[in-house]
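Worksheet for the structure shown next.
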Amino acid sequence: METTLSTKPRLNYGTLLLIVLFVLSAVAAFVPMPHPSATSTDVLNTADIAWMLTASAFVLLMTPGLSFFYGGMVRPKNLISTMLQSFVALGVISLVWYFVGFSLAYGDSWNGLIGNPLTFAMLRNVGTAPHPTLSPAIPFVLFFAFQLKFAIITPALITGSFAERVRFKGYLAFIILFCLFIYCPLAHWTWHPEGFLRKWGVLDFAGGTVVHISAGIAALAGAMVLGPRRAHRETAFSTPNVPFVLLGTGLLWFGWFGFNAGSALGANEMAALSFVNTNLASAAALVVWMLLEVARGGKPTAMGACIGAVVGLVAITPAAGYVDYGQSILIGVVGSAVSFMGVNWKNRTTLDDTLDVFPCHGLGGIVGMLLTGVFAAKVGLVNGTATVFGYHLLGLTIVIVYTFAVSWALLKLTDKLFGLRVKVGDEELGLDLSQHEESIYHVDEEFEKTYRKELVS
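If you read the sequence shown in this note's numbering, its first letter stands for residue 4, the second for the next number, and so on.
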């Protein structure tokens with residue numbers, strides 16, 4: 004099946020973007036911005052500060068972990084490019100978050116839909132002083148740093164859906180647009196005190212909706228818009244480096260303790276609860292995925308164990324601080340089973356979601372969000388009230404429709420401006436060489452030229 008997307012390079016915007024970045028950095032350096040410092044009257048908790056610094060570092064480690072997790076699943080000729088697609092978000096999204104992203108997510112609310120882009124632009128009014136509602140016990144700039152790590156990993160998650168065929172500059176443009184038009188609004192709706200989902204009572208402890216459902220739905224749109232890889236049936240299960248996947252899973256699991264327990268925003272009982280729930284759900288999901296492999300007549304695999312563990316982490320994310328220990332195990336079990344069925348369903352279709360982002364992160368996040376509405380302490384469905392669960396169903400519908408529609412539009416816009424799908428020859432050669440002129444192998448220059456000519460002819 005051939006994609007109808009344009010593969011002709013459009014314009015080289017590198018020089019223009021470099022000039023823009025120089026101008027913005029000069030403005031940031033020389034235009035005075037107020038950065039309130041903590042005073043003796045501010046109530047700062049040193050234990051909370053220490054934990055949140057640690058948790059922020061944990062979450063940052065998840066993105067390199069994701070690069071190993073994804074990199075181990077693709078063919079060797081695409082390993083570097085796949086890992087870089089995750090890693091580069093550390094740089095690109097950090098700048099976007101600094102200049103305007105944080106303000107869109109947490110600035111003064113406009114009707115509960117989006118933040119004022121000027122409120123905290125370039126960390127204006129963000130310093131070591133606490134914020135009365137967003138970070139009452141820690142420096143506001145530490146809150147900024149912690150939330151930054153979530154903004155980084157979310158677009159990086161999407162890369163697995165169109166791995167091995169996306170043009171690098173088109174990808175960079177898309178993740179910037181995704182951050183501005185999808186991630187920031189969802190974060191505002193869900194986590195800002197005035198966000199409309201939060202005011203409805205929708206619960207998302209650490210990003211099941213904002214991070215995983217948004218990434219999973221955008222991944223589905225990405226796989227559909229870009230179309231399948233050439234001969235993807237023969238390459239869909241290529242796993243050149245299982246140890247990379249194991250390493251990536253370990254780093255993700257480790258970092259997830261900061262992801263979930265850090266979302267308590269302090270060294271407190273909720274952090275301890277979410278820490279343990281995170282581990283229990285992931286452990287249960289890992290075991291269930293391997294048992295399902297055996298139940299279908301196969302062997303328990305390292306790949307399956309890793310995927311199951313990550314699905315458990317995804318599923319417990321929205322509920323981690325709101326449910327009991329046994330409920331976290333059930334969430335891991337159900338999330339693993341649903342995602343396992345989703346992967347097997349996908350494999351019977353023409354959809355080429357390369358690394359199963361939608362069935363794992365999308366479906367895992369949906370399961371987690373719904374079961375949060377079922378089990379959340381005091382307000383869940385099992386506690387005799389259906390209000391929160393009903394708003395979770397409504398919120399889920401809104402998030403899915405919005406994310407899919409806007410992702411589709413942004414992907415089409417990105418393709419029109421920059422080109423999104425690599426050329427046939429570049430895809431066959433591999434993205435490591437065609438997009439970055441790097442390879443894990445030594446490649447003779449004459450061979451590369453000859454190979455390209457043969458593909459063109």
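Glycine residues also receive a C-beta, built at the ideal position from the N, C-alpha and C atoms.
Which one or two residues does DSSP pair with Val169 in a beta bridge?
Bridge partners of Val169: Arg424.
Where Thr18 and Pro321 are concerned, what is the direct C-alpha to C-alpha distance, given to the nearest angstrom?
Approximately 42 angstroms, taken between the alpha carbons.
DSSP on His134, reduced to helix/strand/coil?
His134: strand per DSSP, three-state reduction.
If we count the other Cβ atoms within 10 Å of its Cβ and call it buried at 16 or more, is Phe25 buried or exposed?
Phe25 comes out exposed.
Go ahead and pull the three-state DSSP assignment for Ile117.
Under the three-state reduction of DSSP output, Ile117 falls in the strand class.
Tell whether a beta-carbon distance below 7 angstroms holds between Ser112 and Glu167.
Result no, Cβ atoms of Ser112 and Glu167 do not sit closer than 7 angstroms.
Using the rule of at least 16 other Cβ atoms within 10 Å of the residue's Cβ for burial, across every protein chain shown, is Glu440 buried or exposed?
Glu440 counts as exposed, since fewer than 16 other beta carbons sit within 10 angstroms of its beta carbon.
Boundaries (first-last residue) of the alpha helix (DSSP H) holding Thr304
Per DSSP, Thr304 belongs to no alpha helix (DSSP H) and is neither H nor E.
List the residues that DSSP assigns as beta-bridge partners of Ser112.
Paired residue(s): Gly118.
With respect to 6 angstroms, is the separation between the Cβ of Thr157 and the closest non-hydrogen atom of the ligand NAD below this value?
Inclusion of the ligand NAD in the displayed structure is not the case, the ligand content being empty and no account of it being possible.
Out of curiosity, what's the CA-to-CA distance linking Pro362 and Ser266?
C-alpha separation (whole angstroms): 25 angstroms.
Just the C-alpha distance for Gly338 and Val248, rounded to the nearest angstrom, thanks.
Those two C-alpha atoms are separated by around 20 angstroms.
With Asp356 as the anchor, note down where its alpha helix (DSSP H) starts and where it stops.
Per DSSP, Asp356 belongs to no alpha helix (DSSP H) and is neither H nor E.
Residue closest to Ile403, alpha-carbon to alpha-carbon, out of Cys309, Thr212, Trp259, Gly387:
Answer by Cα proximity: Thr212.
Taking 8 angstroms as the threshold, find out whether the segment 321-330 comes into contact with the segment 371-384 through three or more Cβ pairs.
Judged by Cβ distances under 8 angstroms, the segment 321-330 makes contact with the segment 371-384, as three or more pairs qualify.
Am I right that Ile332 and Ala389 are in contact with their C-beta atoms under 8 angstroms? What's the rounded C-beta distance?
With a beta-carbon spacing of about 24 angstroms, Ile332 and Ala389 fall beyond the 8 angstroms limit used to define contacts.
How would you call Trp348, buried or exposed, if buried means at least 16 neighbouring beta carbons within 10 angstroms?
Flag for Trp348 reads exposed.
Which listed residue (Ser217, Thr357, Gly315, Ala308) has its alpha carbon closest to that of Tyr405
The shortest C-alpha separation from Tyr405 is found at Ser217.
Distance, Lys152 Cα to Leu87 Cα:
Each residue's Cα considered, the two are about 17 angstroms apart.
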